[in-house]
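In this note's numbering, the protein residues as written are 1190 to 1296.
Laid out in structure tokens, this is it:
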């Protein structure tokens, strides 16, 4: 358009290539060559084979490692459970222990 060049942002790669992005994050790759996009199903093996992965030690079962890292749909409760105060601490006039006077400055 009018001789202008438009370049897409790098942020789009994580949406277009989610498998590659997941593998790059999980195996802590510093550089991802173009060939890696063709090997998305075996990216973990490729990264270790070409000394591009920095996660050590190398997971023995990469499929299981990836499955353990995948997003979980289980959530913790958003509302905190209430604390049941001991009944003796809720009574008016709870006795306060008497402290001994240890110096002349204590009143």
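Positions of the beta carbon are idealized from the N, C-alpha and C atoms, including for glycine.
Exposed or buried, what is residue i when buried is set at 16 or more other beta-carbons lying within 10 Å of its beta-carbon?
i: residue 1209; result: buried
i: residue 1233; result: buried
i: residue 1236; result: buried
Between the Cα of residue i and the Cα atoms of the options, which residue gives the shortest distance?
i: residue 1216; options: 1286, 1250, 1223, 1193; result: 1250
Would you please state the rounded distance, in angstroms, between the beta carbons of residue i and residue j? I believe it to be under 8 Å.
i: residue 1243; j: residue 1277; result: Contact doesn't hold; Cβ gap of about 57 Å is too wide.
i: residue 1254; j: residue 1248; result: 4 Å
Which residues bound the alpha helix (DSSP H) around residue i?
i: residue 1254; result: 1251-1258
i: residue 1209; result: 1207-1215
Does DSSP classify residue i as helix, strand or coil?
i: residue 1224; result: helix
i: residue 1235; result: helix
i: residue 1277; result: helix
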